[in-house]
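Chains as they are written, first to last, in our numbering: chain A, 1 to 331; chain B, 1001 to 1295.
Below: the structure, in structure tokens.
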């Protein structure tokens, strides 16, 4: 192999390498997109939409956990707030178009997320997890006692309505492509955020917070902003979910849901872009398969077992382990 | 009947008593969390499950083996403590060098397994535990009726809390523990078996939770899911008090129980949320907690 001898050659080699990688990435993404576009003709669209909603939820969570290093144990609160707000508005104001309902749900989660963020960043590390868990429990109590949520019964029959006033979302295919479009937009947004200078600061905070402080960054502001974006996207996931299933229930607000999104992110690979998507697909599928078979009562212990196993043996998650493998053997 | 703020004295003192008892449970549980946090630097998410195991063990040992209350008071914490030592030895130890977030997630997974398995075996409806005959009845204090068992719970919890405080703050073993929290490598260098100390500490911490479970068995509904909701409340208590001091954990626990009891008397709808609201206030005005040393 020719060794590049001067800086111009080195530069050229790097550019070529980069271009080859970009091409590979483009092809991979193109194939993924084609699969996603064709999927509803092979698999039940509602199931796919469930995966996409949870994938968005996990992507949102991962922005905070995987890239900023903050473990929130209260993300269920945003999912539920988005879902209940959108559900309430669409059920009670028939003139409202679906996208306005979803935007309103996302905004509600954003406002709540700002409150959570300002309180919880006052504590660090393990305390942060406990504070977010406790705040989410407060939100849970609120939803249990409020009349508009339907309490234990949940909120049923949320109308899907029409998108922009002319696309009928009662049709599962239309609904699917809408959810897919929102998901891809959010995924690209998170990719952009992670790659931006802002995202670099978040990673710096994760790796070594005191150093980020000493470099002159106002760490708290970055953390709050990351938290708010994460909460907003989680709320959006909840809003979409309530429209897809025409249902918003207390399940979404329960601490169990906060644990589930952690599991999705961890299993898929925290701190990778694709990880949460893979993890959400994995967990939703496992839950579905288990619920169909003889092990239907054992979902919780099995999820717990996966938790323990992942932490003990596959801390990088599915995507992280594959990346490691590729780097070691093919890089 | 004398009235205080429009509430009969008997009702008020009755709620206060329930508050103090809940507070005693919060104190025992947050004390165990603080002990474990001190040496292992992790939050034990399986703590609620251990509390539940203590209560379940009490009921099941009585139903199947005829083990009475007093024996359970000793046996259940021992069994659960041994179980905790096994968890520390086989699971937590393997990820000791990793980020503490992982051990937190590991204990969360363990809690899911324990409660999930027990839900399958026993369902979510409560098991019944008959109170020992000694504790039946109560005494009239003039302004209120005091059931014997409730008095016993308060006394037992306070004695155990005080004993734990005494051991950790005043004895040689406690000095080892405190030194271990400062610098466990140096401790190891002095020839103290730190890994053993860590195992035993985790075992002791969860045994405290199991002890609370035994105390709870005759008065609370014993179900496989009784731990999780209690644990979240205890987390809020821990955030309020801070885990800097053992004494702080005890005082905050009882204080929060009393506040909860008072809220139940004067404004019942807020009673389940009040501790969390106090937590919000503390975070706003004293972020490091009432007794906390670090932010």
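A virtual CB, placed ideally from N, CA and C, is assigned to each residue, including glycine.
- Would a check of beta-carbon distances place residue 301/A closer than 8 Å to chain B? It does: the Cβ of residue 301/A has a partner Cβ on chain B nearer than 8 Å.
- Item | Below-8 Å beta-carbon distance, residue 1109/B vs any chain A residue | Output row for residue 1109/B: interface = yes.
- Task: Could you run through the stretch 287-318 of chain A and flag, in chain order, every residue whose CB is less than 7 Å away from some CB of chain B?
- Result: Residues passing the 7 Å Cβ filter: 297, 298, 300, 301, 303, 304, 305, 307, 308, 311, 312 and 315.
- Cβ-based neighbour list, residue 1253/B, same chain, cut-off 7 Å, excluding 5 preceding and 5 following: Only 1023, 1026, 1027, 1030 and 1237 meet the Cβ criterion.
- Closest Cβ-Cβ distance between residue 41/A and chain B: below 8 Å? Closer than 8 Å: no.
- Task: Would you kindly work out how many angstroms separate the C-alpha atoms of residue 1248/B and residue 54/A, rounded to a whole number?
- Result: Rounded to the nearest angstrom, the gap between the Cα atoms of residue 1248/B and residue 54/A is 41 Å.
- Message: So, at 7 Å on beta carbons, what are the nonlocal neighbours of residue 1295/B in its own chain, with the 5 sequence-adjacent residues on each side left out?
- Response: Note that residue 1295/B scores a pLDDT of 40, beneath 50, so its modelled location is shaky; the value from the coordinates is reported in the next line. Take residue 1295/B, set aside five residues on each side of it, and the residues of its chain with a beta-carbon closer than 7 Å to its own are 1287 and 1288, in chain order.
- At a cut of 8 Å, does the stretch 133-140 of chain A reach the stretch 248-255 of chain A through at least three beta carbon pairs? Here the stretch 133-140 of chain A lies against the stretch 248-255 of chain A, with 3 or more beta-carbon pairs under 8 Å apart.
- Task: Using the DSSP secondary-structure output, state which residues sit across from residue 1075/B in a beta bridge.
- Result: The secondary-structure analysis by DSSP pairs residue 1075/B with nothing; it has no beta-bridge partner.
- Name the residue from 1251/B, 1278/B and 1276/B whose alpha carbon lies nearest to the alpha carbon of residue 1021/B. When only C-alpha atoms are compared, the closest one is 1251/B.
- Message: Check this for me: beta carbons of residue 1056/B and residue 1072/B, under 8 Å apart or not?
- Response: Contact: no.
- Item | Which of helix, strand or coil DSSP assigns to residue 1218/B | In the structure shown, residue 1218/B sits in coil (DSSP, three-state: anything other than H, G, I, E or B).
- Would you report the Cα separation of residue 103/A and residue 181/A, rounded to the nearest angstrom? Take the alpha-carbon of residue 103/A and the one of residue 181/A: they are about 15 Å apart.
- Query: Under a CB-based cut-off of 8 Å, is residue 1306/B close to chain A?
  - Reply: The requested residue 1306/B is not part of the displayed model; chain B covers only 1001 to 1295.
- Out of 285/A, 270/A and 238/A, point me to the one whose CA is closest to residue 319/A's CA. Here the closest residue by C-alpha is 270/A.
- Query: Along chain B, which residues have their Cβ under 8 Å away from the Cβ of residue 266/A?
  - Reply: Ordered by position in chain B, the residues that pass the 8 Å Cβ test against residue 266/A are 1105.
- Got a sec? Which residues, its chain only, sit under 6 Å from residue 1199/B by beta carbon, not counting five neighbours each side? Here the set comprises 1085, 1088 and 1089.
- Task: Kindly give me the distance between the Cβ atoms of residue 77/A and residue 112/A, rounded to whole angstroms, as I take these residues to be in contact under 8 Å.
- Result: Right, the Cβ-Cβ distance comes to about 7 Å (below 8 Å), so this counts as a contact.
- Could you check which residue in 1078/B, 1152/B, 1230/B and 1049/B has the C-alpha nearest to that of residue 1203/B? Distance check between residue 1203/B and each of 1078/B, 1152/B, 1230/B and 1049/B places 1078/B closest, using alpha-carbon atoms only.
- Quick one: using the 10 Å Cβ neighbour count with 16 as the cut-off for buried, is residue 190/A buried or exposed? Within 10 angstroms of the beta-carbon of residue 190/A lie 16 or more other beta-carbons, which makes it buried.
- Message: So that I know if they touch, is there some Cβ in chain B lying closer than 8 Å to that of residue 257/A?
- Response: No - not a single Cβ of chain B is within 8 Å of the one on residue 257/A.
- Task: Determine the chain B residues that contact residue 47/A at a beta-carbon separation under 7 Å, and present them in chain order.
- Result: Residues of chain B passing the Cβ test: none, with the nearest at roughly 24 Å.
- For residue 221/A, which residues in chain B fall below 7 Å Cβ to Cβ? Counting only Cβ-Cβ distances below 7 Å, residue 221/A has no contacts in chain B at all, with the closest Cβ about 17 Å away.
- Item | C-alpha distance - residue 71/A paired with residue 87/A, whole-angstrom precision | Approximately 28 Å, taken between the alpha carbons.
- Any contact of the stretch 191-200 of chain A with the stretch 39-57 of chain A, i.e. 3+ C-beta pairs under 8 Å? Contact fails: fewer than three Cβ-Cβ distances are below 8 Å.
- Task: For the stretch 1074-1142 of chain B, list the beta strand (DSSP E) runs that are entirely contained and at least 3 residues long, ordered along the chain.
- Result: Restricted to the stretch 1074-1142 of chain B, the beta strand (DSSP E) segments that are unbroken, complete and at least 3 residues in length are 1138-1140, listed in chain order.
- Message: Taking CB distances under 8 Å as the criterion, tell me whether residue 1184/B reaches chain A.
- Response: Under the Cβ distance rule, residue 1184/B does not count among the residues neighbouring chain A, no pair being separated by less than 8 Å.
- Item | residue 1146/B: first and last residue of the uninterrupted beta strand (DSSP E) it sits in | Here the beta strand (DSSP E) through residue 1146/B covers 1145-1147.
- Item | Near-chain A residues of the stretch 1110-1142 of chain B (beta-carbon distance less than 9 Å), N- to C-terminal order | So the list reads 1110, 1111, 1112, 1113, 1114, 1115, 1116, 1117, 1119 and 1120, given in the order they occur along the chain.
- Task: Taking residue 226/A and residue 109/A to be in contact with their CB atoms under 8 Å, please state how far apart those CB atoms are, rounded to whole angstroms.
- Result: Going by Cβ atoms, the distance from residue 226/A to residue 109/A rounds to 15 Å, so no, they are not a contact pair.
- Query: How many Å lie between residue 281/A and residue 1149/B at the Cα?
  - Reply: Cα to Cα, residue 281/A sits roughly 51 Å from residue 1149/B.
- Message: Looking at chain A, is there any beta carbon in it that lies within less than 8 Å of the beta carbon of residue 1239/B?
- Response: Chain A contact via Cβ: present.
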